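Report on the following structure.
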Amino acid sequence: MAIRRQVAAPVGAATFTVAPWLPFLLDALSYAGSIVPFGRLPAVRVQRDVRLPRPSVHREMGDGFRWIVGHAFLRPLTFAVAVFHLGTAGAFSLLILVVTDVLDAREITFGIVLAASAVGATIATLIAARLVERFSRRNVISVAAIVTALSVIAVGAVTAEWQLIAA
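And the structure:
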């Protein structure tokens, strides 16, 4: 599974340079393909007491949300991951504007930037376990978030394509 993650990002960036829609198609196919192993699971029938009313989806969502809020470890982790991914999604959604409007570069530069990002993520994945052993998971995650924030700031300050690729 780790190899798949290390390969997926560079392949996605490279396919984007060929056709912008292609990585989305490949991603969708990988999600569809992930269903295949579930077809091999045995069918399990759950007997439900039909006299009891089935809780609404909103009630079940509320119960799940309250459970996470009440969990000492999952509450801050869930919040941190949500905020991190919202920020990352926002930064990546603006990246094409930096390439095409701010730097007035060709669209292929966007693919090259994504490939550079994927290479950096792959390197980080390869050294993460050793860093966690040495510095603790909390410290590694914190430094990774800071480095990500600094790279987003750097992207906002670039004036040349090579700077963007480096950032």
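As numbered in the numbering used here, residues 5 to 171 make up the sequence shown, in order.
Glycine residues also receive a C-beta, built at the ideal position from the N, C-alpha and C atoms.
Values in this document were obtained by computation on a predicted structure and should not be read as measured data.
Only residues of its own chain outside the window of five on either side were considered, and among them Ala-171 have a CB closer than 8 Å to the CB of Ser-155, listed in chain order. Secondary structure of Gly-74 (DSSP, three-state): coil.
If you look at Asp-31, you'll find it in the alpha helix (DSSP H) that goes 26-37. Counting of Cβ neighbours within 10 angstroms places Ala-76 among the exposed residues, the total staying below 16. Distance from the CA of Gly-115 to the CA of Thr-163, rounded to the nearest whole angstrom, comes to 18 Å. DSSP places Thr-104 outside any alpha helix (DSSP H), giving it a letter other than H or E. Proximity to Ala-109 across Arg-142, Ile-169 and Tyr-35 peaks at Ile-169, based on C-alpha coordinates.
Judged by their CB atoms, Gly-160 and Val-85 are not nearer to each other than the 9 Å cut-off.
In the DSSP assignment, Ala-153 falls within the alpha helix (DSSP H) that extends over 141-161. The criterion of a C-beta distance shorter than 9 Å is not satisfied by Thr-152 and Phe-96. The stretch 16-28 makes contact with the stretch 119-131: 3 or more CB pairs, one atom from each, lie closer than 8 Å. Shown here, Val-61 sits in a helix according to DSSP, grouped into three states.
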